[in-house]
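Only one structure is covered here, and it is reproduced in the block below.
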Amino acid sequence: MSWGTELWDQFDNLEKHTQWGIDVLEKYIKFVKERTEIELSYAKQLRNLSKKYQPKKNSKEEEEYRYTSTRAFLATLNEMNDYAGQHEVISENMTSLITGELTRYVQELKQERKSHFHDGRKAQQHIETCWKQLEASKRRFERDCKEADRAQQYFEKMDADINVTKADVEKARQQAQLRHQMAEDSKAEYSSTLQKFNSEQHDHYYTHIPNIFQKIQEMEERRIVRIGESMKTFAEVDRQVIPIIGKCLDEITKAAESIDHKNDSQLVIEAFKSGFEPPGDVDFEDFTQPMKRTVSESSLSNSRGDGKSEPKFGGKSKGKLWPFIKKNKLMSLLTSPHQPPPPPPASASPSAVPNGPQSPKQQKEPLSHRFNEFMTSKPKIHCFRSLKRGGAGPEDFSNLPPEQRRKKLQQKVDELNKDIQKEMDQRDALTKMKDVYIKNPQMGDAASVDHRLAELGQNIEKLRLEVQKFEGWLAEVEGRLPARTEQARRQSGLYEAQNTSAVNSCAQDRESPDGSYTEEQSQETEMKVPATDFDDEFDDEEPLPTIGTCKALYTFEGQNEGTISVAEGEMLYVIEEDKGDGWTRIRRNEDEEGYVPTSYVEVYLDKNAKDVYKSLQKISE
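Position 469 of the sequence shown, counted from 1, bears residue number 755 in this note's numbering, the numbering being contiguous throughout.
Written as structure tokens, this is what we have:
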């Protein structure tokens with residue numbers, strides 16, 4: 287099967303067919319290019335997706351990744367990143383092994399095709415030239431034969447005419463012989479040209495054209511083989527990354543299988559366990575007795591005027607009291623700032639800041655007064671969420687429940703021990719360096735490291751003091767964590783109530799002299815637990831009425847939850863006056879309100895509004 291013998295007369299069709307083959311090859315190259323672009327785009331989208339859900343550094347999300355389920359999700363994100371990398375490999379390999387190679391091959395193929403068809407056209411032009419020469423020789427021979435025939439007839443006519451002279455007859459005879467000679471020469475030339483043409487034509491159709499067409503056929507077959515190999519490479523590039531993609535999927539499966547629901551449940555316990563014990567039974571109060579009923583530790587009806595110190599409620603017993611306390615009264619106390627107000631910038635007088643750090647000897651307010659405030663104060667919170675968002679806590683973590691405080695203290699001790707070990711390693715290295723300098727003075731001055739060694743020694747001593755301080759707090763907490771009986775718990779609450787020195791609004795001092803956990807802190811911790819249950823109810827509280835205006839005397843940056851920032855000279859509305867804790871509640875607009883230190887503002891109360899406010903308080907009582 288040869289194009290040269292089978293398709294000897296299909297030069298134009300072969301030219302069209304080979305051009306179509308090159309077009310097909312270029313179309314396949316374009317297809318592969320678009321596939322590589324899709325792979326790159328897909329890989330980019332996968333990487334962006336993985337990056338989008340990666341935990342942000344130094345954020346709350348990092349704490350969530352201690353659970354096995356979230357760690358498995360993080361492993362899935364990392365594997366998806368590797369999965370995207372394999373699609374990038376597919377794109378790179380297809381570009382280099384298929385697109386690049388085929389592009390170069392197409393250029394070579396076009397040049398080869400052009401050369402072959404140039405040779406074919408040249409052979410056709412040669413045979414056409416030979417044919418034209420044959421036709422010219424043939425016409426010349428035909429013309430000479432006709433002229434010789436006419437010359438012969440003229441001679442015969444002249445020879446038969448008796449009136450023609452002998453000279454004219456001789457002239458006609460010579461002319462006839464000349465024409466016959468010219469005819470013979472044309473015949474010989476025509477014969478020679480015909481033989482030459484037949485030879486050229488035979489070579490053209492049996493040698494030159496078959497060779498050229500054979501080369502074209504081979505070129506086309508190579509093109510077909512090459513596109514087939516490219517298609518195999520196309521599949522092989524995908525097949526090469528399948529094992530790695532399979533490993534990525536296996537790792538995702540392994541991460542999913544590593545999820546341990548029991549472990550996650552235990553982590554929740556470790557994260558939120560307070561260390562408090564459940565409340566004890568509430569004592570029965572007999573109202574049938576004619577005598578004045580005694581005030582028990584579970585009663586909420588303590589008199590405001592009673593100045594005697596009341597025993598505190600132990601631990602979680604507050605949970606039993608919630609059903610008897612109005613929500614808005616309960617929240618009013620809890621949302622006032624949990625810190626004493628700062629002194630004004632220009633004031634150094636302790637009296638300028640009620641309950642501030644300048645007056646540590648202030649007596650603790652009786653518990654009955656605090657619960658009366660529960661029942662009479664207006665709501666100071668929109669929802670329980672604000673209980674979860676506080677400012678920076680004290681150094682000893684006394685603002686945390688015992689169990690959480692123990693964990694934080696233990697973590698701090700471990701960090702300090704690591705710092706001490708690091709400093710000691712540096713000191714040991716410098717000590718060795720100093721010994722080398724002493725033995726070999728030419729290597730350096732031994733006295734040059736003394737200053738650094740002294741600094742390291744001071745740092746180590748400071749860190750050890752810090753460790754002792756935190757270990758003391760840790761031992762104090764760990765000594766308080768074991769379970770206690772109900773009687774011991776109630777006695778401990780009474781002891782705390784009698785010995786705690788200074789208490790600011792809403793649990794300012796949370797440590798009693800014996801190191802036990804005070805009532806205010808436990809109450810605050812208690813309130814944090816059911817935040818989501820009451821959230822929606824407190825969001826719908828009606829805004830408090832305005833009872834006056836105030837002017838900011840100084841600039842105050844409200845950084846803690848429940849406070850509001852004001853600028854010097856700013857005029858604002860007063861919605862709740864100072865209750866003795868050093869804070870005044872103000873409002874800037876319908877959506878922005880909070881507490882500011884009373885010493886920072888000058889208050890102008892509206893008498894009528896104040897009377898209405900007091901009336902509302904009495905009605906709520």
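Just so it is clear, CB atoms sit at the ideal spot from N, CA and C, and this is done for glycine as well. Note that the structure is predicted; figures quoted are calculated from it, not measured.
When the Cα atoms are used, Phe441 and Lys418 turn out to be separated by approximately 35 Å.
In chain order, Cys534, Glu537, Ile538 place their CB closer than 7 Å to the CB of Glu365, counting only its own chain and leaving out the 5 sequence neighbours on each side.
By the neighbour-count criterion, in which a residue is buried when 16 or more other Cβ atoms sit within 10 angstroms of its Cβ, Ile724 is exposed. Classified as exposed, Pro680 has fewer than 16 neighbouring CB atoms from the shown chains inside 10 Å of its CB. Excluding five sequence positions before and after Lys540, none of the CB atoms of its chain fall closer than 6 Å to its own CB.
Residues of the same chain with a CB within less than 8 Å of the CB of Leu553, apart from the 5 flanking positions on each side, are Arg352, Tyr353 in chain order. DSSP places Gly758 in the uninterrupted alpha helix (DSSP H) bounded by 736–764.
Just measuring C-alpha positions, the residue of Asp705, Thr841, Ala715, Arg750 sitting nearest Tyr886 is Thr841. The count of Cβ pairs closer than 8 Å, one atom from the region 696–708 and one from the region 750–766, reaches three, so the stretches are in contact.
Residue pairing by DSSP places Cys836 opposite Leu858, Val889 in a beta bridge.
With 16 or more other Cβ atoms from the protein chains shown falling within 10 Å of its own Cβ, Thr381 counts as buried. Sequence-distant Cβ neighbours of Met444 in its own chain, meaning closer than 7 Å and more than five residues away, are Val450, Asp454, Val455, Ala458. Close CB contacts of Tyr391 within its chain, under the 7 Å cut and outside five residues either way in sequence, are with Arg512 (chain order). In the structure shown, Phe842 adopts extended strand secondary structure according to DSSP, grouped into three states. For Glu571, the three-state secondary structure derived from DSSP is coil.
For Val882, the enclosing beta strand (DSSP E) begins and ends at 878–883. Per DSSP, reduced to three states, the secondary structure at Arg874 is strand. DSSP places Ser401 in the uninterrupted alpha helix (DSSP H) bounded by 386–446.
Under the three-state reduction of DSSP, Thr451 is assigned to coil, being neither helix nor strand. Rounded to whole angstroms, the Cβ separation of Phe499 and Leu300 is 7 Å, and the two are in contact under 8 Å.
The C-beta of Asp569 has fewer than 16 other C-beta atoms within 10 Å across all chains shown, which makes the residue exposed. For Thr356, the enclosing alpha helix (DSSP H) starts and ends at 354–380.
The residues Val527, in chain order, have a CB closer than 7 Å to that of Val375 in the same chain once the five nearest residues on each side in sequence are set aside. Distances from the alpha-carbon of Pro496 to those of Ala474, Gln410, Ala542 put Gln410 closest. The shortest CA-to-CA distance from Glu312 to any of Lys396, Asp731, Lys302 is the one to Lys396. Val852 is bridged by DSSP to Phe842.
Tyr881 is a Cβ neighbour of Gly848, given a cutoff of 7 Å. If you keep only unbroken alpha helix (DSSP H) runs of at least 4 residues inside the region 509–579, you get 547–558. Selection Lys302, Ile706, Ala715 evaluated against Ile746 yields Ile706 as nearest (Cα-Cα). By the Cβ neighbour-count rule, Ala437 is buried, with 16 or more other Cβ atoms within 10 Å of its own.
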